[in-house]
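Colleague: There's a structure below that I have some questions on.
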Amino acid sequence: MLTPDLVVDAMQLAGTAEPAGLLPARQQMALSLGWHIVLACFGVAFPAMIFVMHLRGIRREDPVALGLARRWAKVSAVLFAIGAVSGTVLSFEMGLLWPGLMGTYGDVLGLPFAFEGLAFFLEAIFLGIYLYGWGRMPAKRHVLMVLPMAITGIVGAYCVVAVNAWMNVPTGFRLVGGEVTDVQPWAVLFNQHAFLQFAHMWVGAYMVAGFSVAGVYAAGMLRGRRDAHHRLGFMVPFVFASIAAVTQPFVGHVLGFGLDERQPAKLAAFELAETTESPSPLRLGGVVVDGEVVGAIDIPVLGSLIAMNSLDDPVPGLDTIPEEDRPPVNITHLAFQTMVGVGTLLAAGVTWFWVQRWRGRDLLTKRWFLRAAAAAGPLAVIALEAGWVATEVGRQPWVVYGVMRTPDAVGDYTSALWWLLGISALIYAGMTAAAVIVLRSMARRWRSGETDLPSPYAPETVDSSS
């Protein structure tokens with residue numbers, strides 16, 4: 257989720273004298289972060305869905321809701337275990353791949369990383385208590401064990417996003433003769449940009465987790481499973497995802513305030529503003545070829561209105577940015593528009609669904625809607641990945657904006673890094689396959705009538721009747 261680059265513009269790299277280890281380091285981080293971020297979304301959002309489902313089951317004495325909460329908790333445990341592996345890999349990669357960054361700014365970033373590790377361990381503890389508390393704790397006390405899971409998941413994610421926010425807007429230190437002094441770790445952890453960037457990520461996590469979980473039950477209903485279990489399993493996460501989807505455009509717009517001052521090159525790449533125009537158009541699609549914008553559809557004035565909150569203020573063009581300070585423009589622009597386009601589509605879709613439901617139409621009986629709902633999960637993941645590509649690639653060539661360039665942060669382990677990338681790709685492919693196999697096996701056993709699958713390292717089941 258958070259640090260150097262996610263992808264690389266190979267054409268741009270070919271013409272610059274950069275460290276030989278930069279390309280494999282970038283690709284390694286792209287793989288690790290792109291894979292881990294999806295699991296992180298479930299760590300942030302899934303506990304809240306479990307809590308609501310469990311609370312519904314207690315208050316309404318609904319066995320369907322209680323059964324769903326119990327199953328979701330076991331799924332959460334599987335995802336947490338896999339996420340622990342990928343998260344541990346990332347912690348090592350920060351120092352291994354980017355020694356220039358961590359060697360120089362380790363004192364600045366130490367506090368948020370320390371709190372992230374503490375939150376991770378606390379989340380694991382309460383997940384274990386919740387998993388093994390079924391039938392062993394009073395119901396009202398047991399459901400409360402989900403709340404620390406939700407809180408620690410949010411705290412851990414915030415700490416990591418705060419590091420990325422600091423890389424975009426560095427603060428809390430002074431550079432004297434190339435040495436970092438007067439470190440203010442609390443200023444790094446709590447700054448306005450960190451709160452805004454986390455809000456954007458937090459809402460995005462609910463979109464990914466909510467649409468993905470709802471999509472599983474939509475696929476089940478497509479196969480004829482139209483029972484209360486599937487309808488409830490769809491509706492609860494879909495409500496979460498719907499709220500997130502309609503909120504996200506506003507959160508993203510607020511996050512973009514002042515980008516023309518913080519990172520004008522990134523904004524110019526987002527908007528594909530090759531030159532400064534007043535008023536600036538909104539450019540849909542298109543790429544820059546030989547310094548010219550090709551294939552874009554221009555909507556007059558809308559670029560200034562959206563990006564600058566004005567009818568005539570211009571978006572600063574790339575012609576105002578030194579060439580060596582420009583990001584890979586085409587990747588940044590297309591990734592940004594993918595995020596915005598998919599997010600807009602999902603927001604419009606859920607709004608239409610709730611309007612139709614208010615009018616008395618039950619779209620859960622329509623196969624075309626269920627297909628669309630099943631596709632919403634992958635679409636939300638695409639929007640999430642595209643958003644992180646846009647923000648990380650758009651910051652280039654800086655790893656810490658305006659302070660340290662990315663080539664200065666990378667280590668010199670060229671051949672070793674290519675081997676590491678290959679091994680990591682195999683490991684992540686293996687973990688993906690293992691997760692799919694385990695989760696599908698659990699689903700088959702639940703459908704066959706098994707109600708209480710064993711949990712790893714669980715104590716022996718206690719007969720509640722004794």
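All the letters of the sequence shown, read from the start, carry residue numbers 257 to 722 under our numbering.
All C-beta atoms in this analysis are idealised placements derived from N, C-alpha and C, irrespective of residue type, glycine included.
Provide the residue span of the alpha helix (DSSP H) that contains R327, from first to last.
Modeller: Taking the first residue of the sequence shown as position 1, residue 327 is located at position 71. Unbroken alpha helix (DSSP H) run through R327: P319 to L353.
Colleague: Across the segment 341-355 and the segment 663-683, are there enough close Cβ pairs to call them in contact, namely three or more that are closer than 8 Å?
Modeller: yes
Colleague: Would you kindly check if the distance between the Cβ of G339 and the Cβ of G373 is under 8 Å?
Modeller: For the purposes of this step, residue 373 is taken as residue 117 along the sequence shown, with counting starting at 1. For the purposes of this step, residue 339 is taken as residue 83 along the sequence shown, with counting starting at 1. Not a contact, by the Cβ cut-off of 8 Å.
Colleague: Got a sec? Which residues, its chain only, sit under 6 Å from T588 by beta carbon, not counting five neighbours each side?
Modeller: Position 332 of the sequence shown, counted from the start, is the residue given in the question as residue 588. Closer than 6 Å at Cβ, skipping near neighbours: A525, A646, V649 and G650.
Colleague: Where does D483 sit, in a helix, a strand or coil, going by DSSP?
Modeller: By one-based count along the sequence shown, residue 483 stands at place 227. Here D483 sits in coil by DSSP.
Colleague: What number of angstroms, rounded off, separates the C-alpha of Q612 from the C-alpha of S680?
Modeller: Within the sequence shown, residue 612 is the residue found at index 356, counting from 1. Within the sequence shown, residue 680 is the residue found at index 424, counting from 1. Q612 and S680: Cα-Cα distance of roughly 46 Å.
Colleague: Over what stretch of residues does the beta strand (DSSP E) that includes V550 continue unbroken?
Modeller: In the sequence shown, counting from the first residue as 1, residue 550 sits at position 294. Its beta strand (DSSP E) spans residues E548 to V550.
Colleague: By Cβ distance below 6 Å, which residues in the same chain neighbour Y473 in space, the five residues on each side in sequence not counted?
Modeller: Within the sequence shown, the letter at position 217 stands for residue 473. Cβ within range, chain order: H486, G489 and F490.
Colleague: Does DSSP put W291 in a helix, a strand or coil?
Modeller: Along the sequence shown, read from residue 1 onward, the residue named residue 291 stands at position 35. In the three-state reduction of the DSSP assignment, W291 falls in the helix class.
Colleague: Below 8 Å CB to CB, which residues in the same chain sit around S342 once its five sequence neighbours on both sides are set aside?
Modeller: Numbered from its first residue, the sequence shown carries residue 342 at position 86. Closer than 8 Å at Cβ, skipping near neighbours: S288, W291, H292, L295, Y684 and M687.
Colleague: Which residue wins for smallest C-alpha separation from Y361, given the options V656, A699, P583 and Q283?
Modeller: Counting from one through the sequence shown, the residue named residue 361 turns up at place 105. Ranking the options by Cα distance to Y361, first place goes to V656.
Colleague: Express the C-alpha separation of V459 and S560 in angstroms, rounding to a whole number.
Modeller: Numbered from its first residue, the sequence shown carries residue 560 at position 304. Numbered from its first residue, the sequence shown carries residue 459 at position 203. When rounded, the distance between both Cα atoms is 26 Å.
Colleague: In or out: D261 buried (at least 16 other Cβ within 10 Å) or exposed?
Modeller: Reading the sequence shown from its first residue, position 5 is the one you call residue 261. Here D261 scores only 38 on pLDDT, less than 50, and its place in the model is too uncertain to base an answer on.
Colleague: With contact counted as at least three CB pairs below 8 Å, one residue from each stretch, are the segment 539-548 and the segment 613-630 in contact?
Modeller: no
Colleague: Excluding five sequence neighbours on each side, which residues of the same chain lie with their C-beta closer than 6 Å to the C-beta of T531?
Modeller: Reading the sequence shown from its first residue, position 275 is the one you call residue 531. For T531, where only same-chain residues beyond five positions count, the Cβ hits under 6 Å are G573 and D575.
Colleague: Count the other CB atoms within 10 Å of the CB of W390; is the residue buried (16 or more) or exposed (fewer)?
Modeller: Counting from one through the sequence shown, the residue named residue 390 turns up at place 134. Buried is the call here.
Colleague: Using a Cβ-Cβ cut-off of 6 Å (strictly less than) and excluding sequence neighbours within five positions of T594, which residues of its own chain qualify?
Modeller: The sequence position of residue 594 within the sequence shown is 338, counting from 1. Only A642 meet the Cβ criterion.
Colleague: With DSSP as the reference, label M393 as helix, strand or coil.
Modeller: The residue labelled residue 393 in the question sits at position 137 within the sequence shown. Coil.
Colleague: Report the residue from T621, R700 and L676 whose alpha carbon sits nearest the alpha carbon of F348.
Modeller: Residue mapping note: residue 348 aligns to position 92 of the sequence shown, counting from 1. Nearest option by C-alpha distance: L676.
Colleague: Restricting to Cα atoms, I'd like to know which of M698, A497 and G542 is closest to G605.
Modeller: By 1-based counting over the sequence shown, the position of residue 605 is 349. Of the candidates M698, A497 and G542, the residue whose Cα lies closest to the Cα of G605 is A497.
Colleague: Is DSSP giving L602 helix, strand or coil here?
Modeller: The residue given as residue 602 occupies position 346 in the sequence shown. Residue state, collapsed to three classes: helix.
Colleague: Considering Cα atoms alone, identify which of F369, R481, L515 and G508 is closest to P441.
Modeller: For the purposes of this step, residue 441 is taken as residue 185 along the sequence shown, with counting starting at 1. Nearest C-alpha to P441: F369.
Colleague: Tell me, please, which residues DSSP counts as bridged to L431.
Modeller: The sequence position of residue 431 within the sequence shown is 175, counting from 1. Answer is V436.
Colleague: Could I get the ranges of all uninterrupted alpha helix (DSSP H) runs contained in the segment 486-565, with 4 residues as the minimum, in chain order?
Modeller: 515-518, 520-527 and 558-564
Colleague: Tell me the rounded alpha-carbon separation between I537 and L590.
Modeller: As a position in the sequence shown, residue 537 is number 281, starting the count at 1. As a position in the sequence shown, residue 590 is number 334, starting the count at 1. Residue identity differs from the one stated: residue 537 is Pro in this sequence, not Ile. So the alpha carbons of these two residues sit roughly 16 Å apart.
Colleague: Rounded C-beta distance between A501 and M463? I'm assuming under 8 Å.
Modeller: For the purposes of this step, residue 501 is identified with residue 245 of the sequence shown, where counting begins at 1. For the purposes of this step, residue 463 is identified with residue 207 of the sequence shown, where counting begins at 1. A501 to M463, Cβ: 6 Å. Contact.
Colleague: If I measure Cβ to Cβ from V550 and keep anything under 7 Å in the same chain, skipping five residues before and after, which residues do I get?
Modeller: The sequence position of residue 550 within the sequence shown is 294, counting from 1. Answer for V550: G542 and V543, listed in chain order.
Colleague: Residue range of the alpha helix (DSSP H) that V472 falls in?
Modeller: To locate residue 472, count along the sequence shown from 1; it is residue 216. Counting along the chain, the unbroken alpha helix (DSSP H) around V472 starts and ends at Q448 to L478.
Colleague: With distance defined between alpha-carbon atoms, name the residue in L511, A636, F302 and G658 nearest to N565.
Modeller: Working through the sequence shown from its first residue, we reach residue 565 at position 309. Comparing Cα-Cα distances from N565 to each of L511, A636, F302 and G658, the minimum goes to L511.
Colleague: Is V659 helix, strand or coil when you go by DSSP?
Modeller: Indexing the sequence shown from 1 puts residue 659 at position 403. Reduced to three states, the DSSP call for V659 is coil.
Colleague: What's the gap between the Cα of A714 and the Cα of R703?
Modeller: To locate residue 714, count along the sequence shown from 1; it is residue 458. To locate residue 703, count along the sequence shown from 1; it is residue 447. Residue placement at A714 is poorly supported in this model, since its pLDDT is 49, which falls under 50; the coordinates are not used for a value here.
Colleague: Pull up the distance between the alpha-carbon of R696 and that of A636, whole angstroms please.
Modeller: To locate residue 696, count along the sequence shown from 1; it is residue 440. To locate residue 636, count along the sequence shown from 1; it is residue 380. When rounded, the distance between both Cα atoms is 21 Å.
Colleague: Indicate the three-state DSSP secondary structure (helix, strand or coil) for V425 in the structure shown.
Modeller: Walking along the sequence shown from the start, residue 425 turns up at place 169. Here DSSP, grouped into helix, strand and coil, assigns V425 to coil.
Colleague: Would you check if the segment 272-286 and the segment 376-395 touch, i.e. whether three or more CB-CB distances between them fall below 8 Å?
Modeller: no
Colleague: What is the C-beta distance between V345 and V436, in whole angstroms, given that I count them as a contact (C-beta under 8 Å)?
Modeller: Looking up residue 345 in the sequence shown gives position 89. Looking up residue 436 in the sequence shown gives position 180. Contact doesn't hold; Cβ gap of about 27 Å is too wide.
Colleague: Using the beta-carbon count (16 or more within 10 Å), is W654 buried or exposed?
Modeller: Taking the first residue of the sequence shown as position 1, residue 654 is located at position 398. Buried: at least 16 other Cβ atoms inside 10 Å.
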